[in-house]
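Chains as they are written, first to last, in our numbering: chain A, 1 to 715; chain B, 1 to 397.
To start, the structure under review is shown below, and the notes come after it.
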Amino acid sequence: MEKRLQVQNLRISFRTINGKLQAVRGISFDLYKGETLAIVGESGSGKSVTSKAIMGILAGNAMVEGGEILYDGQDLLTIEEEDFYRLRGDKIAMIFQDPLSSLNPIMRIGKQLTEAMLLKAKARQKSSKINFDEKMRLLEGYMVASDPAQVDESKRMCDEFRRYIMLYIKRERSYRAARESAEEARDAIAELLYLIDKNALHDSKEQVQETQQLVLNSRDQYVLAAGDERLVAVAKALSQGLSHQDKSKDFSRLKQNLETLQQGINDILARPQPDLLAQAYYHFRNDGKDYSDNLETNNAYYATYMQQGFTERFIEKTARAIAYTDNIFLNLRATAIAELTRGMDALNTGGVDALKPLVDSITQAVNATIEPMEIVKDSWVRTFSGSLKSFLASYQDGQRNNERRMRDFERTTQKHNRLTARGKSPTWKVIPAALVDMELVQENIANLMSNLKAHYEALNAGIGQADERQRAAQLVEYLKENAAGIVNRVTKYSAKAKALRLMEEVGIPEPRLRYRQYPFEFSGGMRQRIVIAIALAANPDILICDEPTTALDVTIQSQILELINKLKQERDLSIIFITHDLGVVANMADRIAVMYAGKIVEYGTAEEVFYSPKHPYTWALLSSMPDLETKEKLEAIPGTPPNMIYPPKGDAFAERSRYAMEIDFEEEPPFFRLSDTHWAATWLLHPDAPRVEPPRLVSERVAKVNARLEGNADV
Amino acid sequence: MSEKNDQVLLRVENLCQYFKTTKAVDDISFTIKKGEVFGLVGESGCGKTTTGRAIIKLYNITSGSIYFKDRRISAGTLSYRKAITDARKEMRTADPARKAELERFIAEQKELIRSARYDQKNADKLYEDVMSQEVDEKYKPLLAAASGEELWALQKKYAYEKRIAANQRFTTQIQMIFQDPIASLDPRMTVYETIAEGLVIRGEKDKAVIDEKVYRVLEMVGLVRDHASRYPHEFSGGQRQRIGVARAVVMEPELIIADEPVSALDVSIQAQVINLMNDLRHKLGLTILFIAHDLSVVKYFSDRIGVMYYGKLVEMASSDELFLHPIHPYTQSLLSAIPRPDPLFEKQRRRIKYDPLSAHDYSVDKPSFREVLPDHFVYCNDEEFAAYQRAYGGQAE
Chain A
1 MEKRLQVQNL RISFRTINGK LQAVRGISFD LYKGETLAIV GESGSGKSVT SKAIMGILAG
61 NAMVEGGEIL YDGQDLLTIE EEDFYRLRGD KIAMIFQDPL SSLNPIMRIG KQLTEAMLLK
121 AKARQKSSKI NFDEKMRLLE GYMVASDPAQ VDESKRMCDE FRRYIMLYIK RERSYRAARE
181 SAEEARDAIA ELLYLIDKNA LHDSKEQVQE TQQLVLNSRD QYVLAAGDER LVAVAKALSQ
241 GLSHQDKSKD FSRLKQNLET LQQGINDILA RPQPDLLAQA YYHFRNDGKD YSDNLETNNA
301 YYATYMQQGF TERFIEKTAR AIAYTDNIFL NLRATAIAEL TRGMDALNTG GVDALKPLVD
361 SITQAVNATI EPMEIVKDSW VRTFSGSLKS FLASYQDGQR NNERRMRDFE RTTQKHNRLT
421 ARGKSPTWKV IPAALVDMEL VQENIANLMS NLKAHYEALN AGIGQADERQ RAAQLVEYLK
481 ENAAGIVNRV TKYSAKAKAL RLMEEVGIPE PRLRYRQYPF EFSGGMRQRI VIAIALAANP
541 DILICDEPTT ALDVTIQSQI LELINKLKQE RDLSIIFITH DLGVVANMAD RIAVMYAGKI
601 VEYGTAEEVF YSPKHPYTWA LLSSMPDLET KEKLEAIPGT PPNMIYPPKG DAFAERSRYA
661 MEIDFEEEPP FFRLSDTHWA ATWLLHPDAP RVEPPRLVSE RVAKVNARLE GNADV
Chain B
1 MSEKNDQVLL RVENLCQYFK TTKAVDDISF TIKKGEVFGL VGESGCGKTT TGRAIIKLYN
61 ITSGSIYFKD RRISAGTLSY RKAITDARKE MRTADPARKA ELERFIAEQK ELIRSARYDQ
121 KNADKLYEDV MSQEVDEKYK PLLAAASGEE LWALQKKYAY EKRIAANQRF TTQIQMIFQD
181 PIASLDPRMT VYETIAEGLV IRGEKDKAVI DEKVYRVLEM VGLVRDHASR YPHEFSGGQR
241 QRIGVARAVV MEPELIIADE PVSALDVSIQ AQVINLMNDL RHKLGLTILF IAHDLSVVKY
301 FSDRIGVMYY GKLVEMASSD ELFLHPIHPY TQSLLSAIPR PDPLFEKQRR RIKYDPLSAH
361 DYSVDKPSFR EVLPDHFVYC NDEEFAAYQR AYGGQAE
């Protein structure tokens, strides 16, 4: 599976008047394409801070102390705010816990919903255009370089490709707008008919007029074509005499008209769709004349025409260009590997100081291996120099300041001791010294370099085997996709129709009326639904849900969870789902990370965490919630989470755990591996630990599930 | 509950609460028996909080009556006024015999309105009189019999109880716990002041008595004496909610209206608060109207459950019965939406959708609230009633 997002060893602290509050203390996880990762924990466990770091919206007093968040070849912790504009909301969207604070109180709901759609559609068009142009330019350059004998031929082909794509874009744009409008019209008509049927149509005028507009907007050569004049006439007559019908509640004429329209539009949508790309190429070569009158014959003919006349040769040339670039990068990588090996040797023998003079040449060699042509950006290579730089900076910081910090700490400790010895109780506490762990930094640098080296070696080994033709076809496909992205235009009308449908989808009754209202006119649950609709409107890659359903009731909650799940499947969305409610997670999550006091304590697939939980904290969470069968007293977790200005030594949960052993108060437990996907950080899993049984509620629930599973297996 | 107690503590009859044109609560009736927990569930905006607030007299209700310990504490007049309007309309065309009848009817309704207004205004005052009479009756013979030192002490005691009785509000026997512990506590009052405020308003002046009560309640809800002098911001969410509970319990109420007391809390803290309320309920014999949207919690906590949908009570039954035989389609949809901590179950879960337009046809046959099975009420019309009885009648026996 493809990794969408990688979080590595992330550490975040907050400066407060009482000292440094360590909110996140070194967490790592990966997010794959099309999966849901749930982060579960109490408030104050650092789950929201993690999500805010991913969105780049940490509070002003936050300090990122280490780690990286890799997305699309960039480290989100180091990129500039300007670059973040392109990601935030568009690629990574977020649903917040408090809906009131994420809506603009002086803007109508409709405007807030469509604003994102319109703006983001424009931005996407732009970025598609940039992508297309950039990749084309590079491809042309490589083509020319790879085949010196046929420079003119290469240039001509690229030029041709560009020009007929432009022609295609123009046609596709109007076709797609019309077709979308027709689809919206179909839904709108179905809804109107349903309402008439149930005798529940109020305020009909606006709704009918909108439907009418949608039908009329779908006029195009291939949708509501010249031959469908009858339908246009019916649509135009739709709103006549409506006020009269509205009064008498006799909608028979409207119903008749709508049924005609429905039939007509269904027929239109069932018609074969034109292959506009191939058609554009044919027209481009033949002065815009059609091959025949029949659309299907045309489609087939155009497709082979383009395939033989252009695509095959183009792909061949692209493949050659790719082979050529591969060779170049093979050599560049070899140089980079040599540099890295040199650097690692220096690091091993002389420490970080010995590495310093080599840093420039290493980063240069690594940066040279960044492939501009690649479709999926290589995060390892692209973020290497940034990470190295920040590690070196923290090393330098440690060298300069560690001593002073230690001195300060000792001084305040002595002062505190002196005061307590005199029988006073000072109101302040000693803040532990925030030292840079020099050994850890060195280890981090070594890891970084050896990881990259292994990555290079794997890449180089794979080169000879890769099918260049296939990669070339992929690249051409990518170019076409981007060209199609340029076409994707959202008009005000279609945005409104989409917004209304989205509002209906998230369960808002009377969306037409609500569309014109202000946020204060909505109840809490309704507001949250609006917020979710807005986040989904921009169609993001990664969706971060920060307790999105905590304020909602069950039916709405499950509607919204279903909605998120559906969208996830449709759009291959990756979701980070943050919650304290394990019941919600069972439905949503593919994998679960349980967080406590800024650390992940257990990490596994949903089945593993629910059916064989290992960490006492997971047990406590599972047993503190009643389910429908629960009758006995609930096992509440005693006490409160620790104050993270003074993070506890050892296992942070030990103070509140019934299963704590002596070692839990002294040493932090490492991750024990239970399966390829399941890890837990508790000393209970150590071979020397005594065997303990999880709380009764958990073990009973697990036993019940196991019995059911076995029962199923027998059947 | 183990022991059967049939004493009705709260009776709500045809309660309507309209805000301008919005029918927040529309003609609902239910009773709560002494010592039971009555759960009220439904989606946000369905009127369950409004019901709770109407009971505690935070609103002047539009129509219907609320009886607490068989006394009418709240009454609305809309239904009577409507009846009068209708009668007057009919009078225009009616023959003289009918006219006289209608006039009598109107006079009756006017009398009802008058009594409703009187009860609405004076429920507390009437109770005051009853209370001071009781005190009088208790002390008169004692005072007559006593003499000397004893008399003096008795007189002091008598004056004290008389004052308390005079300040006693009937509705203080109903207390409320709110959803959001941060918003419902005054940030500028210490915990002690917050908890003692109700006692002081009731006329309690003796510092020792207040101290004793406050500290006892604090311990009861799992806080310690030291906490009394602190301010709300120094507490965690669960502790704040405990303060809210303490504030309600210190008044020694008979009925507590808990309006989503755990919805705003973390799961682990939720368990603490639920356990606390469960303990208190058994220890003090409280009756609770528990308003929530989390069905697992409601099921765990309540004896009987009422389901609300857009201002109407659509189904009411004991909690086991409701979860075993959900009859109304909305209840079925609600139950099918409960999330469970069980991924395999969740993956196969099918949510039942509820669409009132397609589920019922109330255009001709109007629905009402009927008893389909013993102690199991459903909002339905004749046709549905027959269908439900056919479907579920067999299972009841």
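Note that CB positions come from ideal geometry on N, CA and C, so glycine has one too.
Nearest in C-alpha terms to Leu330(A), of all of Ser292(A), Met306(A) and Asn460(A), is Asn460(A). Contact between the stretch 359 to 366 of chain B and the stretch 622 to 629 of chain A is absent, with fewer than three C-beta pairs closer than 8 Å. Nearest Cα to Val490(A) within the set Ala537(A), Gly507(A) and Leu76(A): Ala537(A). Using a Cβ distance threshold of 9 Å, Arg516(A) and Gly110(A) count as a contacting pair. For the pair Glu570(A) and Gly288(A), the Cα-to-Cα distance works out to about 37 Å. When C-beta atoms of the stretch 682 to 701 of chain A are compared with those of the stretch 24 to 44 of chain B, fewer than three pairs fall below 8 Å, so the two segments do not count as touching.
Across the set Leu118(A), Asp83(A) and Thr311(A), the C-alpha of Thr311(A) shows the shortest separation from the C-alpha of Ile165(A). Cβ-Cβ distances below 7 Å link Gln109(B) to Tyr80, Ala83 and Ile84 in the same chain, with the five nearest sequence neighbours on each side left out; the list follows chain order.
Residues are counted here when their Cβ sits less than 7 Å from a Cβ of chain B; for the stretch 590 to 613 of chain A these are Ala606, Glu607 and Phe610, given in chain order. If you look at Ile268(A), you'll find it in the alpha helix (DSSP H) that goes Ser252 to Ala270.
Judged by their CB atoms, Ile265(A) and Arg176(A) are not nearer to each other than the 9 Å cut-off.
Annotation: the continuous alpha helix (DSSP H) that includes Gln569(A) extends over Val554 to Arg571. Under the DSSP assignment, Lys3(A) falls in the beta strand (DSSP E) whose first and last residues are Lys3 to Thr16. Contact between Gly76(B) and Thr62(B) holds, since their C-beta atoms are separated by about 5 Å, short of 8 Å.
At a C-beta separation below 9 Å, Leu622(A) has these neighbours in chain B: Pro341. Counting only residues of its own chain and dropping the five nearest sequence neighbours on each side, Met308(B) has a CB closer than 8 Å to the CB of Ile28, Leu40, Val41, Gly42, Cys46, Gly47, Lys48, Thr51 and Val314. Under a criterion of Cβ atoms nearer than 8 Å, the residues of chain B adjacent to Ile556(A) are, in order, Glu43 and Ser44. Not one beta carbon of chain A lies nearer than 9 Å to the beta carbon of Phe38(B).
Between the alpha carbons of Arg333(A) and Arg382(A) lies a gap of roughly 13 Å. Exclusion of the five residues before and after His455(A) leaves Trp380 as the residues of its chain whose Cβ lies within less than 7 Å of its Cβ.
Sequence-distant partners of Ile182(B) (beyond 5 residues in either direction) whose C-beta falls short of 7 Å from its own C-beta, in its chain, are Arg240.
Per DSSP, Tyr281(A) is one residue of the alpha helix (DSSP H) stretching across Leu276 to Arg285. What Ala200(A) touches in chain B, judged by beta-carbon distance under 7 Å, is Leu357, going in chain order. Residue-level contact check: Asp651(A) does not touch chain B, since none of the beta carbons of chain B fall below 9 Å from its beta carbon. The stretch 139 to 159 of chain A and the stretch 301 to 321 of chain A touch, with three or more beta-carbon pairs separated by less than 8 Å. Among the residues facing chain A, Gln272(B) is included, as its CB has a counterpart in that chain under 9 Å away.
Between the alpha carbons of Asp408(A) and Ile370(A) lies a distance of about 45 Å. Using a Cβ-Cβ cut-off of 9 Å, Tyr300(B) counts as an interface residue toward chain A, since at least one Cβ of chain A sits closer than that to its own.
Taking 9 Å as the cut-off, the beta carbon of Ser612(A) is found closer than this to the beta carbon of Val702(A). Between Tyr354(B) and Ser368(B), the CB-CB gap reaches or exceeds 9 Å. CA-CA distance, Arg117(B) to Asp70(B), rounds to 17 Å.
Ranked by Cα distance from Ile352(B), the options Glu219(B), Phe323(B), Leu335(B) and Gln389(B) are led by Leu335(B).
Nearest CB-CB separation between Ser184(B) and chain A: not below the 9 Å threshold. Within its own chain, the residues whose Cβ lies closer than 8 Å to the Cβ of Pro274(A), once the five positions on either side in sequence are excluded, are Tyr175, Tyr222, Leu295, Asn298 and Asn299, listed in chain order. Collapsing the DSSP output to three states places Asn275(B) in a helix.
Taking a Cβ-Cβ cut-off of 7 Å, the neighbours of Asn275(B) in chain A comprise Lys633, Leu634 and Ala636, given in sequence order.
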